[in-house]
Amino acid sequence: MRFKALSIFFIFFLSISAWGKEVDMPVIKIYYDNTSVNKEIKPDWGFSALVKYRGRNILFDTGGNAQVLAENMKKMGSDPKSIEFVVVSHEHWDHVGGLSAILRPGQKVYFLKSFPESLKDKVKASGAGLFEVAGFQEIIPGVYTTGELGGVLKEQSLILDTDKGLIIVTGCSHPGIVEIVRRSKELLKKEVYFVIGGFHLGALGAGQVEKIIAELKDLEVKKLAPCHCTGEKAISLFQKEFGNDFLKVGAGSILDTSKL
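Sequential numbering from 1 applies to the sequence shown in the UniProt record's numbering.
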């Protein structure tokens, strides 16, 4: 009888503990974007975001200017020395320009295999470890790179495997935002919860953007936050179509994805 009572109590305790347990979800800080949501944070053309997940700090892209990146990080309470991993989406200046503010001995830096040797040499000279990416691979448990996507200009995106679904962080989406989302779903066999970053739609007409929005809805993307190279008109269309599931972001944004 006593054993039965203890067993019931133990099961009840486990249930209460699980019910009260916080979901482990990423926090995303945008250090660099061509718009700003905080007058203290300088806007500049480019993109850089910190992903804090499972106790690790991963910087995705570095913006276009090292000084701007360093100043914005400081104002947002971040120390470059805390960055453990650096993942660069592609080789364009507005994504690699801030590298000198970030690189430290002991860091792990993920470049595409197709990046120019001059960029790779910069990483090696800093004492950081260079990892050359070709295909899909795990960076840490729950965090992946798509590997090289696209044609002439290769690009990688970051995929976070979370309790709510996949979170995808993009740089410029040169391979196509729809293709990136579709490929991410195929790779991890999960639904996409949230997509954030540059979608590269600024040169497209309204009809073309609406077609892309429809395709993303068909892929069951729940929420998104387009920024950087997406284009103001395209961003307005996303806001109209996604409503409360659209997030307006820019340099200075801090997103606790457990609360989205």
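Virtual Cβ for every residue (Gly too), placed ideally from N, Cα, C.
At a cut of 8 Å, does the stretch 25 to 36 reach the stretch 67 to 74 through at least three beta carbon pairs? Verdict: yes, contact present.
Val178, enclosing alpha helix (DSSP H) - first and last residue: Position 178 of the sequence shown, counting from 1, holds the residue named residue 178. Unbroken alpha helix (DSSP H) run through Val178: Ile177 to Leu188.
For Gly243 and Gly64, the rounded distance between their alpha carbons: Residue 64 sits at position 64 when you count from the first residue of the sequence shown. Residue 243 sits at position 243 when you count from the first residue of the sequence shown. Approximately 31 Å, taken between the alpha carbons.
Classify Asp24 as buried or exposed, calling it buried when 16 or more other Cβ atoms lie within 10 Å of its own Cβ. Taking the first residue of the sequence shown as position 1, residue 24 is located at position 24. Asp24 should be labelled exposed.
Going by other Cβ atoms of all chains shown within 10 Å of its Cβ, with 16 needed for buried, is Pro226 buried or exposed? Translated into the one-based positions of the sequence shown, residue 226 becomes position 226. Classification for Pro226: buried.
Alpha carbon to alpha carbon, how far is Val86 from Glu138? Give it in angstroms, no decimals. Residue mapping note: residue 138 aligns to position 138 of the sequence shown, counting from 1. Residue mapping note: residue 86 aligns to position 86 of the sequence shown, counting from 1. Cα-Cα distance, rounded: 14 Å.
Three or more C-beta pairs under 8 Å: does that hold for the stretch 174 to 189 against the stretch 150 to 161? As far as the Cβ criterion goes, the stretch 174 to 189 touches the stretch 150 to 161, which means the pair count is three or higher.
Does the Cβ of Ala128 have 16 or more other Cβ atoms within 10 Å, making it buried, or fewer, making it exposed? Within the sequence shown, the letter at position 128 stands for residue 128. Label assigned to Ala128: buried.
So within the stretch 39 to 112, which uninterrupted alpha helix (DSSP H) runs reach at least 4 residues, ignoring any that extend past its ends? As far as the stretch 39 to 112 is concerned, its whole alpha helix (DSSP H) runs of at least 4 residues are 66 to 75 and 93 to 96.
Could you tell me which residues DSSP puts in a beta bridge with Ile30? Sequence index remark: in the sequence shown, residue 30 carries index 30 (1-based). According to DSSP, which records beta bridges pairwise, Ile30 is partnered with Ala49.
Does DSSP classify Ile254 as helix, strand or coil? As a position in the sequence shown, residue 254 is number 254, starting the count at 1. Note: Ile254 maps to strand in three-state DSSP.
If Leu160 and Val133 are in contact, beta carbons under 8 Å, what's the gap, nearest whole angstrom? Position 160 of the sequence shown, counted from the start, is the residue given in the question as residue 160. Position 133 of the sequence shown, counted from the start, is the residue given in the question as residue 133. The C-beta separation of Leu160 from Val133 comes to about 16 Å, leaving the pair out of contact by the 8 Å criterion.
By how many angstroms is the C-alpha of Arg104 removed from the C-alpha of Val221? The residue given as residue 221 occupies position 221 in the sequence shown. The residue given as residue 104 occupies position 104 in the sequence shown. Roughly 36 Å separates the two Cα atoms.
Measure how close the beta-carbons of Ile167 and Arg54 come, nearest whole angstrom, since I'm counting them as under 8 Å. Here the question's residue 167 lines up with position 167 in the sequence shown. Here the question's residue 54 lines up with position 54 in the sequence shown. Not a contact, Cβ separation roughly 13 Å.
What alpha helix (DSSP H) runs, 4 residues minimum, are completely inside the stretch 215 to 259? For the stretch 215 to 259, whole alpha helix (DSSP H) runs of length 4 or above, ordered along the chain, are 232 to 242.
So with Cβ pairs under 8 Å, would you call Gly231 a contact of chain C? The chain labelled as chain C is not found in the depicted structure, where only one protein chain is given.
Going by CA-CA distance only, name the one from Val109, Ser258, Lys120 and Ile41 that's closest to Thr162. Here residue 162 is taken as the residue at index 162 of the sequence shown, counted from 1. Considering only Val109, Ser258, Lys120 and Ile41, the residue with the shortest C-alpha distance to Thr162 is Ser258.
Quick test of your reading: Phe238 and Ile213, contact by CB under 8 Å. State the CB separation rounded to the nearest angstrom. Within the sequence shown, the letter at position 238 stands for residue 238. Within the sequence shown, the letter at position 213 stands for residue 213. At roughly 6 Å, the Cβ-Cβ gap stays under 8 Å, so Phe238 and Ile213 are in contact.
Tell me, please, which residues DSSP counts as bridged to Asp161. Here residue 161 refers to the residue found at position 161 of the sequence shown. Per DSSP, Leu166.
From which residue to which residue does the alpha helix (DSSP H) around Val123 run? Taking the first residue of the sequence shown as 1, we reach residue 123 at position 123. First-last of the alpha helix (DSSP H) with Val123: Glu117 to Ser126.
Since Val195 sits in a beta bridge, which residues does DSSP pair it with? Along the sequence shown, one-based indexing puts residue 195 at 195. Under DSSP, Val195 forms a beta bridge with Ile168 and Leu224.
Which residue's Cα is closest to the Cα of Glu210: Ser184, Val192 and Glu241? Here residue 210 is taken as the residue at index 210 of the sequence shown, counted from 1. If we check each option's Cα against that of Glu210, Glu241 comes out closest.
Taking 8 Å as the threshold, find out whether the stretch 248 to 256 comes into contact with the stretch 33 to 47 through three or more Cβ pairs. Counting Cβ pairs under 8 Å, three or more are found: they touch.
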